[in-house]
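Novice: Let me give you the structure first, and then I'll get to my questions.
And the structure:
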């Protein structure tokens, strides 16, 4: 979700190109998740209120690090449950709230700012945190220029330092669905792509990201509910839509580097940063650096309200009992491998 500009200019340009070529069409074979996956956490949104034993609201107008235009609230106007569906609603209205995120060192609820929109951002932090597993979210997405729904994961403990050296996993993001796309492979068509991405590397502005997009002739993410899933095991992460395995990335294409107090660069070992507990985040942003600079540009002020609707969230862990989470993977031999990036050389201490 966070898309600050990378310090490594060449890496940033390459990452953008990856989004243009990594697509999957409906000819891809589907396969349901293997039965060895054991359900360990779920929310079917069967009540009439959000289950606060599973989710917390983020309340701020911080802009998400991306110059987004919304304030996140804990109001029922922005997050409701009706007939088994969670609806996160973005509204056009002036609103003020804390200028920093509540987990920021700069957070002070008395320091406020005003935005033109409201929405909601939910997280399972401290209530649902996992290392490895299969994550399924059935959702219908909003549309229009400036809409930015996201289903993603952040580290709970930030073991390797600030964003993005401790990593970020984007299960699904989409921007400006239904507008005229700037995808050069689909000139004149409406935007239908969704994206799966990893963020890693060094703390911003030294971060990098890599990922790919999914589109198909039958895929209508703003008109129908679709199943977005991610499988994560030690050293490998895989993305799925409607049980189509459309992308894989391995630890050979990610890394984590941080700087000690003495200024010495260090590289974490193994599968870092994707070897620690992460939690889920569901949100609908308005505008920001990414959506406002692609497709029809800016934010269409006439399309609101818009909704991210979620039918259910389910988390599985592999029943083989191995600590690396391996043994339950649902893999397709035709799913492309995202190359990712090699780490900068760390000078000898």
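In this note's numbering, the protein residues as written are 6 to 354.
All C-beta atoms, glycine included, are put in the ideal place defined by N, C-alpha and C.
On the DSSP letters alone, give me the boundaries of the beta strand (DSSP E) that residue 174 sits inside.
Specialist: Segment 173-178, the beta strand (DSSP E) holding residue 174.
Novice: Taking only heavy atoms of the ligand GTP into account, decide whether any of them is closer than 8 Å to the Cβ of residue 171.
Specialist: Among the components of this structure there are no ligands whatsoever, and the ligand GTP is therefore not found.
Novice: Looking only at its chain, what residues have a beta carbon closer than 7 Å to the beta carbon of residue 146, apart from the 5 residues adjacent to it on each side?
Specialist: For residue 146, where only same-chain residues beyond five positions count, the Cβ hits under 7 Å are 154, 179, 182, 226, 227 and 313.
Novice: Under the rule that 16 or more other beta-carbon atoms within 10 Å means buried, what is residue 345, buried or exposed?
Specialist: Buried is the call here.
Novice: Is DSSP giving residue 211 helix, strand or coil here?
Specialist: It is coil, neither helix nor strand.
Novice: Provide the residue(s) that pair with residue 195 in DSSP beta bridges, ordered along the chain.
Specialist: 185, per the DSSP bridge assignment.
Novice: From residue 209 to residue 169, what does the alpha carbon distance come to, in whole angstroms?
Specialist: Spanning the two alpha carbons is a distance of roughly 6 Å.
Novice: Tell me which same chain residues have a C-beta within less than 6 Å of the C-beta of residue 253, skipping the five on either side of it?
Specialist: Closer than 6 Å at Cβ, skipping near neighbours: 243, 340 and 342.
Novice: So is residue 115 buried or exposed if we call it buried at 16+ other beta carbons inside 10 Å?
Specialist: It counts as exposed.
Novice: Residue 306: buried (16+ other C-beta within 10 angstroms of its C-beta) or exposed?
Specialist: The residue is exposed, with fewer than 16 neighbouring Cβ atoms inside 10 Å.
Novice: Please list the terminal residues of the continuous beta strand (DSSP E) segment that includes residue 85.
Specialist: Counting along the chain, the beta strand (DSSP E) containing residue 85 begins and ends at 84-87.
Novice: Suppose you measure from the CA of residue 195 to the CA of residue 95; what does that come to, to the nearest Å?
Specialist: Cα to Cα, residue 195 sits roughly 22 Å from residue 95.
Novice: Whole angstroms are fine: how far does the CA of residue 127 sit from the CA of residue 85?
Specialist: The straight-line gap from Cα to Cα measures roughly 12 Å.
Novice: For a quick check, are the C-beta atoms of residue 283 and residue 193 less than 9 Å apart?
Specialist: Cβ distance not < 9 Å, so residue 283 and residue 193 don't count as in contact.
Novice: Note down, in chain order, each residue of its chain lying with its Cβ closer than 6 Å to the Cβ of residue 338, except the 5 sequence neighbours on either side.
Specialist: Cβ within range, chain order: n/a, list empty.
Novice: Out of 317, 257 and 239, which one is the CA nearest neighbour of residue 231?
Specialist: The candidate whose alpha carbon is nearest that of residue 231 is 317.
Novice: Buried or exposed for residue 131, going by 16 or more other Cβ atoms inside 10 Å?
Specialist: By the neighbour-count rule (16 or more Cβ atoms within 10 Å), residue 131 is not buried but exposed.
Novice: Assuming residue 295 contacts residue 71 (C-beta within less than 8 Å), just tell me the rounded distance between them.
Specialist: Indeed, because the Cβ distance is near 7 Å, the residues count as touching under 8 Å.
Novice: Assuming residue 315 is part of the beta strand (DSSP E), what are its boundary residues?
Specialist: Here the beta strand (DSSP E) through residue 315 covers 311-323.
Novice: In terms of residues, what are the limits of the beta strand (DSSP E) holding residue 48?
Specialist: Note, residue 48: beta strand (DSSP E), 42-48.
Novice: With three or more C-beta pairs closer than 8 Å as the rule, is the stretch 248-265 touching the stretch 135-150?
Specialist: Touching, no, given that fewer than three Cβ pairs across the two stretches are closer than 8 Å.
Novice: Distance check for residue 135 and residue 266, CA to CA, integer angstroms please.
Specialist: Approximately 29 Å between the Cα atoms of the pair.
Novice: Would you list the one or two residues that DSSP bridges to residue 304?
Specialist: Answer by DSSP bridge pairing: none, since residue 304 is not bridged.
Novice: My output table needs one value for residue 103: the three-state DSSP class, helix, strand or coil.
Specialist: Strand at residue 103.
Novice: Short of 6 Å in beta carbon distance, which residues of its chain neighbour residue 352, apart from the five on each side in sequence? Order them along the chain.
Specialist: If we look at residue 352 and ignore the five residues flanking it on each side, it has no Cβ neighbours.
Novice: Mapping the DSSP letters down to three states, classify residue 121 as helix, strand or coil.
Specialist: In the structure shown, residue 121 sits in a strand (DSSP, three-state: E or B).
Novice: Return the CA-CA distance between residue 44 and residue 67, expressed in angstroms with no decimal places.
Specialist: Taking the straight line from one Cα to the other gives about 35 Å.
Novice: DSSP three-state label for residue 335, please.
Specialist: Looking at residue 335 - three-state DSSP - the assignment turns out to be coil, as it is neither helix nor strand.
Novice: State the DSSP-derived secondary structure class of residue 72, mapped to helix, strand or coil.
Specialist: Residue state, collapsed to three classes: coil.
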